[in-house]
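Peer 1: Sharing a structure below in structure tokens format, with a few things to ask.
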Amino acid sequence: MKSEMLNAYPEMSAGQYYPMRMPSVAVSLLHRVRIRMFGMSKVGLDEVHFSAPTTIWLSECRACGAWNVDYIHGFWPNEYFNCKPCMAQKEA
Ligand SMILES: [Zn+2]
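Take the sequence shown: its letter number 48 is residue 48 in our numbering, and every next letter is one higher.
Below you can see the structure in the form of structure tokens.
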């Protein structure tokens with residue numbers, strides 16, 4: 001994923017824009033290795049959807065295996081990422 005993508009659609013709020021699902025074929029080996037080791041991998045900096053530049057991460061959902069691009073929610077030690085397919089299922 002190119003970091004310019006993180007700064008697209010400035011009229012949208014962070015909550016509307018994230019999480020973004022990343023197709024499995026688009027996830028590089030480097031991201032896969034980092035996620036296996038650390039649980040997340042840095043994608044870039046979003047400077048338009050937040051009041052301050054925010055780091056955006058790629059992670060793999062433990063429940064459904066989907067790859068999601070999201071910012072960190074919550075506060076330590078209760079930080080988490082959202083999953084687009086799992087959120088859609090909860091709403092349905
Ligand atoms: Zn999921």
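We put the beta carbon where it would ideally sit given N, CA and C, even for glycine.
Determine the DSSP secondary structure at residue 78, reduced to helix, strand or coil.
Peer 2: Residue 78: coil per DSSP, three-state reduction.
Peer 1: Enumerate in chain order the residues of its own chain whose CB-to-CB distance from residue 12 is below 7 Å, with the five nearest sequence positions on each side excluded.
Peer 2: 49, listed in sequence order.
Peer 1: Closer than 8 Å: is that where the CB of residue 66 sits relative to any heavy atom of ligand 1?
Peer 2: Within the cutoff, so yes.
Peer 1: Along the chain, where does the alpha helix (DSSP H) that runs through residue 45 open and close?
Peer 2: Per DSSP, residue 45 belongs to no alpha helix (DSSP H); it is in the beta strand (DSSP E), 41 to 46.
Peer 1: Looking at residue 8 and ligand 1, is the gap between the Cβ and the nearest heavy atom below 8 Å?
Peer 2: Answer for residue 8: no, Cβ out of range of ligand 1.
Peer 1: Rounded to whole angstroms, what's the CA-CA distance from residue 62 to residue 75? Just pull it up for me.
Peer 2: Answer to the nearest angstrom: the Cα atoms are 20 Å apart.
Peer 1: Taking only heavy atoms of ligand 2 into account, decide whether any of them is closer than 8 Å to the Cβ of residue 63.
Peer 2: Ligand 2 is not among the ligands present in this structure, which contains only ligand 1.
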